[in-house]
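Single-structure report; data block below.
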Amino acid sequence: MKVSMNWLRQYTDIPVSDAEYESRMVMSGTGVEGMEDLGAELENVVVGRVLTCENHPNSDHLHVCTVDVGGEEALQIVCGAPNVRAGIEVPTALIGARLPGGVKIKKGKLRGVESQGMLCSGDEIGVPVELYPSVGSEGILIFREEYPVGKDVREIFGLKDTVADFEILANRPDCLSVWGVARESAAALGTQLRLPDVTVKEMGDGDVHDYVDVSVEDEEACPRYAARVITNVRVKESPLWLRQYLFAAGMRSINNIVDITNFVMLETGHPMHAFDLDKVKGRKIIVRMTRPDEKLTTLDGKTYAMTGRELAICDPDGPTGLAGVMGGEESEITENTRQVMFECASFERTGIRLTTRRLGFRTEASGRFERGVSPKTVLEALNRACQAVNELDAGDVVPGVIDFYPHPLGTVKVDCPVDYVVRRTGVALKGEEMAELLRKLYFDVTLSDGVLHVTAPEFRQDIEGKADISEEVLRLAGYDRIPSTRLRGETTQGGLNDKQRRHQCVQNVLTGMGFYESMTYSFISRKVIDQLQFAPDDWRSAPVTIRNPLGEDTACLRTSLLPGLFKTLSTNQRAGNASGRLYELGNLYDSAKKTEDGLPLERDTLAFGVYGNEDFYSLRAVAEKLLRLLGVSYTIVRASERCLHPGRSAKLMSADGAELCVLGQVHPDTAEAFDLEKETFVCQMDLDAVFAVAVPMGHVQPIARFPAVERDLALVMPDQQPLGPLMDAIRAACGEKLEDIRLFDVFRGIQVGPGKKSAAFNLIFRSLDHTLTEEEITSLVKKALDAAASLGAVLRA
Amino acid sequence: MGIREELESIGQGLREELRTVQDTQSLEQLKVRLLGKKGSLTALLRGMGQLAPEERPKMGQIINERREIMQKMLDEKMRELSEREKQMRLEREALDITEPRDLPEVGAVHPTQAVLREVLDCFTGLGFEVVEGPEVELDKYNFELLNLPKNHPARDAQDTFYVDDNIVMRTHTSPVQARIMLSRKPPIRVVCPGRVFRADEIDATHSPVFHQIEGLVIDENVTMGDLKGTLDAFAKRLYGADITTRFRPSFFPFTEPSAEVDLTCFNCRGKGCRMCKGTGFIEVLGCGMVNPKVLEMCGIDPERYSGFAFGIGLERITLLRYGITDMRLLYEGDLRFLRQFR
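In the order they appear, the protein sequences are chains A and B. As numbered in this note's numbering, residues 1 to 797 make up the first sequence, in order. As numbered in this note's numbering, residues 1001 to 1342 make up the second sequence, in order.
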């Protein structure tokens, strides 16, 4: 919220620098986003009176003027504006002046005639028509009022002002106003608050009820509705000071009546509306919910279809304005307006919020109502507007007030023990100090028996209980008084949870193998899910969907980590990183399985991928190593994942048949779809399944003291015989005396015959309790060969 | 030639050969020629049989003495030559120790995870337990139990992704607070790290997905001073002993009083620089005393217990920690970025 500091200074002194002010406000709870010096770019531009104005001897459009700027001698200035003439007062840039946009004025000659400055247009000194109506678009700015020559023009335009941009906390809608900020400023700085006495001078002997009839049909949506009427309205432009205040707040001046409503909103925080009473059918205002067939044209000329859920200001013919959001076009104030009704009301915030949500726009007024406008202070604001009418001579205020307020809110009283505040804040303040601080914030306080009996000021809507009182005391005492103490009490068992622990374990293993961790979003698009070609009955093809996504990319929650990994790998390949090992840890969201809360099951998942000097086996080795480190045993079977190469993909299954991971080379179609230029290998592991069968490390085995015997066997077999099951068969046949079996060569060629391969194994036999005899070894080798033979593998000749 | 002469000649020959022999292999051969089974000295010993029996002992003694002397000479030479050969081998094997080689690749955890480990380390050391909750969350836990009823304007500050009317993508890690309070009895000391979601378009400082670390303490007589003390410990542990916290008044529906917490700028150590916009402080987290209304809704007696909560933006402290200016780098996974973390 932007506020002119000049305006604020009307109501309290600010005897500190801008920086100090900002810091004092921030530390007492009113955020300041910035302070902007309005006239920072304008220097040495003063009021000058054109004494003489002659044609330039060498030009058909330039003039040579003498200009009085209050110095000993008049200046000679060459001016090309068509509207320059003797006798006018004009903003005059002196030699050395600075203008917005970094322009500097220097002495110079224009077609041979010396010029000692420049007569300025509104544009040149950054004064728009909203601020000074006679700016005009042609030529120089001519002052309409008379000012002393030599006066700094910044004062005239209100540019000798700083605009503070306040950041008001959500619980303090009362501070969305000059008065609110003035109250906080006075409290923070310890200065006097000087809010105006609001008095209204009524004219004539009529009564407001003779002019208009108001009925409120929905008192829940509209707990208070107040109105006053102005007759003999004199619609004209607003005085400069009012235009300046509005300009500083970023609002446009319209006319005195509309400007008064905006002025009061900015000053008091109460949005207001002005109706041209002659345009209100039957002079009857009805506040009610719309009906589904109704339409409404707002002040900005747009027509909206109503749904029956908006609160509207209506006349007998139908809605003329959206309550608390925007007025209607019909009853707009124009030059011809003779009678005005000012509305000041309190509308329930949820309704306003839903209406603006539905219509898709917000106004200054609706923003304030959404955050809460107190019904208690409505009349004061309404009267402030009438006072402004008096002061600006904008019309005659009709006696009487319409005030619909069926259920007046009571005052808020809180009893708060002094001890409670001390215990909560940790700051050892005395009761009397607390009372004093609260009084500075306009609370009414008495202290007895260690209890603060507090009455909240009317404008505060956020005070509900003791905790609020403790905060008020603390923020004014200063948060810097909070001591730094250590927790005391019963000790608690701290530590990582299982998931963090398992993640750290996975991270340690993978980073040790050269992997880097990446992180991608939890969202996925429908298109990407389709590209992965899951079967229709696969849970992964039916993701959790987001009702209000930012776009296609945030439409669904991921059911696979692979697309994110593909994207990361593709980014690296295109960036020219020759090889890469990357992993991600994260959740998949399973809409088919629900938690006991009815939420989609979140599956803890790991995905990793490799490319560049890698192959299927180097990828599988990573998965296997990880599983073995976790004590998980597994079998390897072929996978049928559509995004992977059918001949180069596998699933690792646990002993009880759970799928632990799926891995393999990315299918060429998928690689193309995800822009993977290099052969890429990926694995996705279900960590919940893995950790369900993980075995913590147990007792270690004693070291074998007896010698091992090694035998190498080269076996020839049909090419399609998988080696894994063959080795399993040999292990099973030899039992525990086979300490290890390792593959060290695979050979295909004419020597072994077509359609065949030779695989060479190194077998290590050992017994824990004796040295193996020659007979035992022979017998073990025979068992191995018999097992191999059963699978069609024979000793190579 | 008599035995004595022969002995003399063998000795002479040995001395000459030892002068010229260059390597251990030749020396070994020389030894065999002299002392081996068919060696000349061995032959001489065998020739003793031709001597008169009374001469034998004396002659035997002489030959053995000579043999020992020769053996010593050979051993001496052997030591000398092996030492020389060893030295030559070491010289031969010398490497260009500056010749470059590829280093083994050791990866790294994600920068946010590295920072998370430090943070969790700090809090677990203070007796906090790490707990987690679901990322897809009930509106009840994410908002209602935290004093954010439906259509409350403060909900606007958190642009929420909705799954349906009652299910949201959690907008903060605070729902875990509610879950913990409902399921446990004080004393409670927990930290809850995790992913959170806001409907924000991606740019240098915004992302629809990011991480928070929530902290919650509930016990008897917990004060805002304890909150400050805890966060001071955190700040010093992560950023150094000279770092302090500054509390500013703020508002969150679920805490009262609430505070924004600034830390001494870890770039300039408080002197004022571009990173802290000259203020010497950097805004890092929000916190406060748990609102009694929240305690009550979560079944904890607010008259007996009090507590504090805080929420730290993990990405934010990561960006600050490493001087990263664009948040998008964290989610691209470019190895040129990730390899810088160790």
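Here a beta-carbon is modelled for each residue, glycine too, at the ideal position from N, C-alpha and C. Just so we're clear, the structure is a prediction, and the values are computed from it rather than from any experiment.
Cα-Cα separation, leucine 562 (chain A) to phenylalanine 347 (chain A): Your numbering for residue 562 (chain A) matches position 562 in the first sequence. Your numbering for residue 347 (chain A) matches position 347 in the first sequence. Answer to the nearest angstrom: the Cα atoms are 51 Å apart.
Cutoff 8 Å: lysine 782 (chain A) Cβ touching any chain B Cβ: Translated into the one-based positions of the first sequence, residue 782 (chain A) becomes position 782. The C-beta of lysine 782 (chain A) comes no closer than 8 Å to any C-beta of chain B.
For glycine 367 (chain A), three-class secondary structure by DSSP: By 1-based counting over the first sequence, the position of residue 367 (chain A) is 367. Here glycine 367 (chain A) sits in helix by DSSP.
Boundaries (first-last residue) of the beta strand (DSSP E) holding aspartate 1219 (chain B): To locate residue 1219 (chain B), count along the second sequence from 1; it is residue 219. From DSSP, the beta strand (DSSP E) with aspartate 1219 (chain B) extends over 1209-1219.
Span separating the alpha-carbon of valine 1109 (chain B) from that of serine 374 (chain A): The residue you call residue 1109 (chain B) lines up with position 109 of the second sequence. The residue you call residue 374 (chain A) lines up with position 374 of the first sequence. C-alpha separation (whole angstroms): 52 Å.
Classification of leucine 620 (chain A) by the beta-carbon crowding that lies within 10 angstroms, buried from 16 upward: Numbered from 1 along the first sequence, position 620 holds the residue referred to as residue 620 (chain A). A small fix is needed here, since residue 620 (chain A) is arginine in this sequence, not leucine. By the 10 Å Cβ count, arginine 620 (chain A) comes out buried.
Segment limits, beta strand (DSSP E) that includes tyrosine 583 (chain A): Locating residue 583 (chain A) in the first sequence gives position 583, where the first residue counts as 1. Bounds of the beta strand (DSSP E) holding tyrosine 583 (chain A) are 580-594.
Partner residues on chain B for glutamine 507 (chain A), Cβ-Cβ distance less than 8 Å: For the purposes of this step, residue 507 (chain A) is identified with residue 507 of the first sequence, where counting begins at 1. Neighbours of glutamine 507 (chain A) on chain B, chain order: Val1109 and Gln1113.
Per-residue contacts from glutamate 1144 (chain B) into chain A (C-beta, under 7 Å): Counted from its first residue, the second sequence places residue 1144 (chain B) at position 144. In chain order: nothing, as chain A lies at least about 14 Å away.
Selection from A:Ala186, A:Gly96, A:Leu438 and A:Pro173 that minimises the alpha carbon distance to glutamate 43 (chain A): On the first sequence, position 43 is the one that residue 43 (chain A) refers to. Nearest C-alpha to glutamate 43 (chain A): A:Gly96.
Range of the contiguous alpha helix (DSSP H) that encloses serine 121 (chain A): Working through the first sequence from its first residue, we reach residue 121 (chain A) at position 121. Membership of serine 121 (chain A) in any alpha helix (DSSP H) is not indicated, and neither H nor E is assigned to it by DSSP.
Contact check, tryptophan 241 (chain A) vs tyrosine 11 (chain A), beta carbons under 8 Å: Within the first sequence, the letter at position 241 stands for residue 241 (chain A). Within the first sequence, the letter at position 11 stands for residue 11 (chain A). In this structure, tryptophan 241 (chain A) keeps its C-beta atom at 8 Å or more from the C-beta atom of tyrosine 11 (chain A).
Close Cβ partners of methionine 203 (chain A) (< 7 Å) along its chain, the five nearest in sequence each way excluded: Counted from its first residue, the first sequence places residue 203 (chain A) at position 203. By the criterion of a C-beta distance shorter than 7 Å, methionine 203 (chain A) is surrounded in its chain by Asp396 and Val397, once the five residues flanking it on both sides are discounted.
Chain B contacts made by the stretch 749-782 of chain A, where a contact means CB separation under 9 Å: Answer in chain order: no residues at all.
Extent of the continuous alpha helix (DSSP H) to which isoleucine 1097 (chain B) belongs: In the second sequence, the residue the question calls residue 1097 (chain B) occupies position 97. Careful: isoleucine 1097 (chain B) lies outside any alpha helix (DSSP H) and carries neither H nor E.
Pairwise C-alpha distance: aspartate 393 (chain A) and asparagine 232 (chain A): Residue 232 (chain A) sits at position 232 when you count from the first residue of the first sequence. Residue 393 (chain A) sits at position 393 when you count from the first residue of the first sequence. So the alpha carbons of these two residues sit roughly 10 Å apart.
Same chain, Cβ closer than 7 Å to lysine 284 (chain A), neighbours up to 5 away in sequence not counted: Here residue 284 (chain A) is taken as the residue at index 284 of the first sequence, counted from 1. Excluding positions up to five away in sequence, the list reads Asp213, Asp315 and Pro316.
Span separating the alpha-carbon of isoleucine 1069 (chain B) from that of aspartate 1096 (chain B): For the purposes of this step, residue 1069 (chain B) is identified with residue 69 of the second sequence, where counting begins at 1. For the purposes of this step, residue 1096 (chain B) is identified with residue 96 of the second sequence, where counting begins at 1. Spanning the two alpha carbons is a distance of roughly 45 Å.
Beta-bridge pairing of valine 637 (chain A) - partner residues as DSSP gives them: Here residue 637 (chain A) refers to the residue found at position 637 of the first sequence. BP columns for valine 637 (chain A) point to A:Lys651.
Coarse secondary structure for glycine 512 (chain A), derived from DSSP in three states: If you number the first sequence from 1, residue 512 (chain A) lands on position 512. Looking at glycine 512 (chain A) - three-state DSSP - the assignment turns out to be helix.
Rounded separation between threonine 363 (chain A) and glutamate 138 (chain A) - CA only: Indexing the first sequence from 1 puts residue 363 (chain A) at position 363. Indexing the first sequence from 1 puts residue 138 (chain A) at position 138. Taken atom to atom, the span from the alpha-carbon of threonine 363 (chain A) to that of glutamate 138 (chain A) is near 34 Å.
Proximity below 8 Å, CB of glutamine 1071 (chain B) to CB of leucine 1103 (chain B): What you label residue 1071 (chain B) is simply residue 71 of the second sequence in a count that begins at 1. What you label residue 1103 (chain B) is simply residue 103 of the second sequence in a count that begins at 1. No; because the gap between Cβ atoms is not below 8 Å, this pair is not in contact.
Collapsed DSSP secondary structure at alanine 74 (chain A) in the structure displayed: Translated into positions along the first sequence, residue 74 (chain A) becomes position 74. If DSSP states are grouped into helix, strand and coil, alanine 74 (chain A) belongs with coil.
Beta-carbon proximity check, valine 258 (chain A) vs alanine 248 (chain A), cutoff 8 Å: Taking the first sequence and counting its residues from 1, the one referred to as residue 258 (chain A) is at position 258. Taking the first sequence and counting its residues from 1, the one referred to as residue 248 (chain A) is at position 248. No.
Residues from the stretch 1060-1093 of chain B in contact with chain A, defined by Cβ distance under 9 Å: Against chain A - using a Cβ distance shorter than 9 Å - the stretch 1060-1093 of chain B contributes no residues.
Candidates B:Lys1037, B:Leu1041 and B:Ser1174, of which the one nearest phenylalanine 1310 (chain B) by Cα: Working through the second sequence from its first residue, we reach residue 1310 (chain B) at position 310. Checked all of B:Lys1037, B:Leu1041 and B:Ser1174; the closest Cα to phenylalanine 1310 (chain B) is B:Ser1174.
Distance between beta carbons of glutamine 76 (chain A) and serine 121 (chain A), contact taken as under 8 Å: Stepping through the first sequence from its first residue, residue 121 (chain A) is reached at position 121. Stepping through the first sequence from its first residue, residue 76 (chain A) is reached at position 76. The beta-carbon separation of serine 121 (chain A) and glutamine 76 (chain A), rounded to 20 Å, does not stay under the 8 Å limit for a contact.
Where the alpha helix (DSSP H) through histidine 209 (chain A) begins and ends: What you label residue 209 (chain A) is simply residue 209 of the first sequence in a count that begins at 1. Taken as a continuous stretch (DSSP letters only), the alpha helix (DSSP H) holding histidine 209 (chain A) covers 208-211.
Contact the stretch 1172-1191 of chain B vs the stretch 1134-1146 of chain B: 3+ CB pairs below 8 Å: These segments touch.
Segment contact, 8 Å Cβ cut-off, at least three pairs: the stretch 287-294 of chain A with the stretch 259-267 of chain A: With a cut-off of 8 Å, the stretch 259-267 of chain A and the stretch 287-294 of chain A do not count as touching, because too few Cβ pairs lie within range.
Closer than 7 Å at the beta carbon, the chain B residues around threonine 571 (chain A): Along the first sequence, read from residue 1 onward, the residue named residue 571 (chain A) stands at position 571. Chain B residues near threonine 571 (chain A): Glu1332, Gly1333 and Asp1334.
Cross-chain neighbours of tyrosine 1162 (chain B) in chain A, by beta carbon under 9 Å: One-based indexing of the second sequence puts residue 1162 (chain B) at position 162. The contact set of tyrosine 1162 (chain B) on chain A, defined by CB atoms closer than 9 Å, consists of Ile546, Arg547 and Asn548 in chain order.
Where the alpha helix (DSSP H) through glutamate 1332 (chain B) begins and ends: Taking the first residue of the second sequence as 1, we reach residue 1332 (chain B) at position 332. Run containing glutamate 1332 (chain B): 1329-1332, per the alpha helix (DSSP H) assignment.
Against chain A: residues of the stretch 1235-1265 of chain B by CB proximity under 7 Å: Cβ contacts with chain A come from Phe1247, Arg1248, Pro1249, Ser1250, Phe1251, Glu1256, Pro1257 and Ala1259.
C-beta contact flag for methionine 717 (chain A) and glycine 792 (chain A) at 8 Å: On the first sequence, position 717 is the one that residue 717 (chain A) refers to. On the first sequence, position 792 is the one that residue 792 (chain A) refers to. Yes, these two residues count as a Cβ contact at 8 Å.
Residue nearest to valine 418 (chain A) in terms of C-alpha spacing, selected from A:Asp745, A:Leu441, A:Ser448 and A:Glu329: Taking the first sequence and counting its residues from 1, the one referred to as residue 418 (chain A) is at position 418. From the listed residues A:Asp745, A:Leu441, A:Ser448 and A:Glu329, the smallest Cα separation to valine 418 (chain A) is found for A:Ser448.
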